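Line by line, the protein sequences give chains A and B.
With this note's numbering, the residue at position 54 of the first sequence is 54, and numbering never jumps.
With this note's numbering, the residue at position 22 of the second sequence is 251, and numbering never jumps.
The beta carbon of each residue, even a glycine, is placed where N, CA and C say it ideally should be.
None of the values given here were measured: they were computed from a predicted structure.
Since the structure comes first, as structure tokens, the remarks are kept for the end.
There are 2 protein chains.
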Amino acid sequence: MLDKLTDFDLTRQEAAVYLLLYSNPDVTGYEIAKLAGISRSNAYAALSSLTDKGAARLLEGMPNRYSPVPADEFCGNRIRRMRKSMDIIVSNMPDVSDPLSEGYLTIQGDRNIIDTARSMLLKAEKRVYISVSGSIIGHFTEELCFLTENKRKVVIITNPPFDLSGAIIYHSNRQGNQLRLITDSRRVLTGDIDHGKESTCLLSGKRNLVDVFKEALQNEIKLIELREK
Amino acid sequence: MLDKLTDFDLTRQEAAVYLLLYSNPDVTGYEIAKLAGISRSNAYAALSSLTDKGAARLLEGMPNRYSPVPADEFCGNRIRRMRKSMDIIVSNMPDVSDPLSEGYLTIQGDRNIIDTARSMLLKAEKRVYISVSGSIIGHFTEELCFLTENKRKVVIITNPPFDLSGAIIYHSNRQGNQLRLITDSRRVLTGDIDHGKESTCLLSGKRNLVDVFKEALQNEIKLIELREK
DNA sequence: CCGTAGTAGTACTAAACAGTAATACTATAA
DNA sequence: TTATAGTATTACTGTTTAGTACTACTACGG
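Next comes the structure, spelled out in structure tokens:
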């Protein structure tokens with residue numbers, strides 16, 4: 001929980017104080033210091049900072065008391081502000097040329113790989129082939145639904161149980177943690193995944209590489225079909 | 230622009246490097262150091278960090294080259310992650326008791342005041358009275374639209390020109406930067422605004438205070454109506 | 001072949017700043 | 001006298017920024 005709150009620009013101590021406010025609304029700085037086991041100077045500093053950041057409210061009086069701003073409100077405000085910043089950034093950025101047809105980009109870490117795959121899926125215009133284990137496919141449920149709802153051809157190879165209305169699904173008792181994703185026969189993302197920060201994938205738009213992986217996936221599908229007879 | 234990017238967990242140096250990648254895709258760390266006027270050790274550190282954070286991609290080769298992740302993708306990923314964190318935080322938080330009927334909360338800073346007002350507006354179930362200058366009313370356009378679309382009674386007192394379909398609007402050549410907001414005859418937010426961090430407002434649910442401000446607003450409306458005859 | 005210049009990358013040190021931890025002090029209320 | 005309330009200050013640790021030093025490689029001219 002503290003970690004999640006640090007995503008919203010709070011220091012660990014501020015996050016701890018915020019959580020304390022939640023279970024003890026209308027407290028004084030002195031009480032917070034005692035509850036948190038931190039010095040009063042830090043408690044007052046944290047409360048002041050929380051108030052500035054819109055996570056707490058001051059009930060002025062003698063003594064001053066503090067209340068938390070509801071988490072959905074505080075977090076929602078922060079996210080909305082970031083959306084605005086994003087709009088400003090995106091509208092001020094030039095278009096970036098697409099490097100994918102020139103070579104091979106290395107994507108490291110599960111998080112970045114999953115983010116990259118999501119982005120590819122959302123930008124797909126015609127068809128998508130994805131082959132990945134059951135533990136990973138769940139990350140893409142929303143994007144795959146979006147695609148099937150928008151009449152893209154979606155072919156999925158994964159472990160049972162997995163179902164998705166509108167998609168063509170091949171069940172395979174695949175071992176190992178490999179990801180293969182092809183979108184619009186133009187981009188491929190492939191490599192190992194589910195190894196935390198150590199996962200490494202390759203992202204490319206090179207036509208020959210795409211063709212090689214398309215053929216590999218088609219062969220995988222044929223083998224599954226043969227096995228089902 | 231650097232400031233906006235620091236909202237997305239980049240240091241200022243990383244943000245500067247990211248912007249450089251945008252105008253110079255497929256560069257080496259050595260080139261980045263020269264363009265940014267920073268030491269090569271910092272350039273490599275920044276590029277490594279940007280790659281970890283999902284803002285840049287590595288084109289492995291001799292030498293290594295780097296490309297930016299498109300800003301909408303990078304920022305979108307970050308915001309999505311924060312939404313997830315928000316969901317976790319919100320679902321793990323107990324309901325917080327409402328302190329508003331007990332006293333007077335102090336809200337400081339334009340940003341927090343506007344955020345608080347937005348929250349009050351979105352939670353309004355029946356009617357809203359708001360009196361504020363034209364330079365501020367624009368912050369609430371979206372929320373006010375939402376209210377009128379959802380059949381809440383919305384009464385607005387502000388400077389011309391301002392219009393909103395479905396709301397009752399009284400034009401007033403008001404001076405000074407005062408905000409008065411009453412929602413559902415139960416909550417009031419009032420004080421000065423448009424003074425940056427120095428603005429201070431009071432937020433309360435005390436019935437007598439709400440009644441006093443309701444009467445004050447009704448009087449303001451009567452005066453405007455008389456003037457228009 | 002050697003020397004020079006430029007490129008590529010990493011290891012290390014240092015200053016400034018931020019976050020955390022703590023002490024000391026003043027003032028007030030119970 | 002004790003507890004509460006709040007601020008000022010110092011110290012330590014970690015991060016960010018700035019920089020130096022070093023090794024290794026490539027290209028080019030003499």
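Unbroken beta strand (DSSP E) run spanning I156 of chain A, endpoints: In the first sequence, the residue the question calls residue 156 of chain A occupies position 156. Segment 153 to 158, the beta strand (DSSP E) holding I156 of chain A.
N-terminal and C-terminal residue of the beta strand (DSSP E) that V357 of chain B is part of: Position 128 of the second sequence, counted from the first residue, corresponds to residue 357 of chain B. It spans 356 to 360 - the beta strand (DSSP E) in which V357 of chain B sits, taken as one unbroken run.
As assigned by DSSP and simplified to three states, the class of R180 of chain A: Residue numbering aside, residue 180 of chain A sits at position 180 when the first sequence is read from its first letter. In the structure shown, R180 of chain A sits in a strand (DSSP, three-state: E or B).
CB contact below 8 Å: I107 of chain A versus chain B: The count along the first sequence starts at 1 and reaches residue 107 of chain A at position 107. Taking Cβ atoms only, chain B reaches closer than 8 Å to I107 of chain A, which makes this a yes.
G332 of chain B versus B:A245, B:L418, B:L239, B:L231, residue with shortest Cα-Cα distance: Within the second sequence, numbered from 1, the residue matching residue 332 of chain B stands at position 103. Minimum Cα distance to G332 of chain B is reached at B:L418.
Per-residue contacts from L209 of chain A into chain B (C-beta, under 9 Å): Counted from its first residue, the first sequence places residue 209 of chain A at position 209. Going along chain B, no residue has its Cβ under 9 Å from L209 of chain A, so there is no contact; the nearest lies around 14 Å.
Whole-angstrom distance between T370 of chain B and L350 of chain B, CA atom to CA atom: Sequence index remark: in the second sequence, residue 350 of chain B carries index 121 (1-based). Sequence index remark: in the second sequence, residue 370 of chain B carries index 141 (1-based). Cα-Cα distance, rounded: 11 Å.
Neighbour list for I193 of chain A in chain B, Cβ cutoff strictly below 7 Å: Walking along the first sequence from the start, residue 193 of chain A turns up at place 193. Those within 7 Å of I193 of chain A in chain B number zero; the least Cβ separation is about 15 Å.
At least three beta-carbon pairs within less than 8 Å, the segment 371 to 385 of chain B to the segment 393 to 403 of chain B: Inter-segment contact for the segment 371 to 385 of chain B and the segment 393 to 403 of chain B is present: three or more beta-carbon pairs are separated by less than 8 Å.
Cα-Cα separation between H195 of chain A and K313 of chain B, rounded to whole angstroms: Your numbering for residue 195 of chain A matches position 195 in the first sequence. Your numbering for residue 313 of chain B matches position 84 in the second sequence. Approximately 21 Å, taken between the alpha carbons.
Cβ distance (whole Å) where L2 of chain A is taken to contact R12 of chain A below 8 Å: Taking the first sequence and counting its residues from 1, one reaches residue 2 of chain A at position 2. Taking the first sequence and counting its residues from 1, one reaches residue 12 of chain A at position 12. In this structure L2 of chain A is in contact with R12 of chain A, their Cβ atoms being roughly 6 Å apart against a cut-off of 8 Å.
Contact set for R466 of chain B: own chain, Cβ-Cβ below 7 Å, skip 5 residues either direction: Outside the displayed span of chain B (230 to 458) sits residue 466 of chain B, for which this structure offers no information.
Stretch pair the segment 38 to 50 of chain A + the segment 316 to 323 of chain B: three plus CB contacts closer than 8 Å: With the cut-off at 8 Å, the segment 38 to 50 of chain A and the segment 316 to 323 of chain B do not touch.
Among B:N271, B:S296, B:L234, the one whose alpha carbon lies nearest that of L92 of chain A: Residue mapping note: residue 92 of chain A aligns to position 92 of the first sequence, counting from 1. It is worth fixing the name first, because residue 92 of chain A is Asn in this sequence and not Leu. Minimum Cα distance to N92 of chain A is reached at B:L234.
Three-state secondary structure (DSSP) of D296 of chain B: Taking the second sequence and counting its residues from 1, one reaches residue 296 of chain B at position 67. In the sequence under discussion, the amino acid at residue 296 of chain B is Ser, which differs from the Asp named in the question. Three-state result, S296 of chain B: strand.
Contact list for the segment 303 to 333 of chain B against chain A, Cβ threshold 8 Å: C304, G305, N306, R307, I308, R310, M311, R312, S314, M315, I317, I318, V319, N321, M322, P323, V325, S326, P328, E331, G332, Y333
Cβ-based neighbour list, I267 of chain B, same chain, cut-off 7 Å, excluding 5 preceding and 5 following: Locating residue 267 of chain B in the second sequence gives position 38, counting from the first residue. By the criterion of a C-beta distance shorter than 7 Å, I267 of chain B is surrounded in its chain by Q242, once the five residues flanking it on both sides are discounted.
Test: N24 of chain A CB closer than 8 Å to a CB of chain B: What you label residue 24 of chain A is simply residue 24 of the first sequence in a count that begins at 1. False, the Cβ-Cβ gap to chain B never drops below 8 Å.
The segment 259 to 283 of chain B: positions lying closer than 8 Å to chain A by Cβ: Listed by position, the residues of the segment 259 to 283 of chain B near chain A (Cβ gap below 8 Å) are T280, D281, G283.
Cβ contact check for the segment 356 to 369 of chain B and the segment 404 to 413 of chain B: 3 or more pairs under 8 Å: Touching, per the Cβ criterion.
DSSP-derived helix/strand/coil call for V439 of chain B: The sequence position of residue 439 of chain B within the second sequence is 210, counting from 1. In the structure shown, V439 of chain B sits in a helix (DSSP, three-state: H, G or I).
is_contact[K233 of chain B, chain A] using C-beta, thresh 8 Å: By one-based count along the second sequence, residue 233 of chain B stands at place 4. At a cut-off of 8 Å between C-beta atoms, K233 of chain B counts as an interface residue with respect to chain A.
Within-8 Å CB hit, M291 of chain B to chain A: The residue given as residue 291 of chain B occupies position 62 in the second sequence. At least 8 Å separates the CB of M291 of chain B from every CB of chain A.
Test: D184 of chain A CB closer than 8 Å to a CB of chain B: Within the first sequence, residue 184 of chain A is the residue found at index 184, counting from 1. No, because no Cβ of chain B sits closer than 8 Å to the Cβ of D184 of chain A.
Residues bridged to V256 of chain B [DSSP beta-bridge criterion]: Numbered from its first residue, the second sequence carries residue 256 of chain B at position 27. In the DSSP output, where bridge partners are listed per residue, V256 of chain B has B:Y295.
L223 of chain A at chain B interface by Cβ criterion, 8 Å: Position 223 of the first sequence, counting from 1, holds the residue named residue 223 of chain A. So no, L223 of chain A is outside the interface.
Boundaries (first-last residue) of the beta strand (DSSP E) holding T335 of chain B: Numbered from 1 along the second sequence, position 106 holds the residue referred to as residue 335 of chain B. Start and end: 333 to 337.
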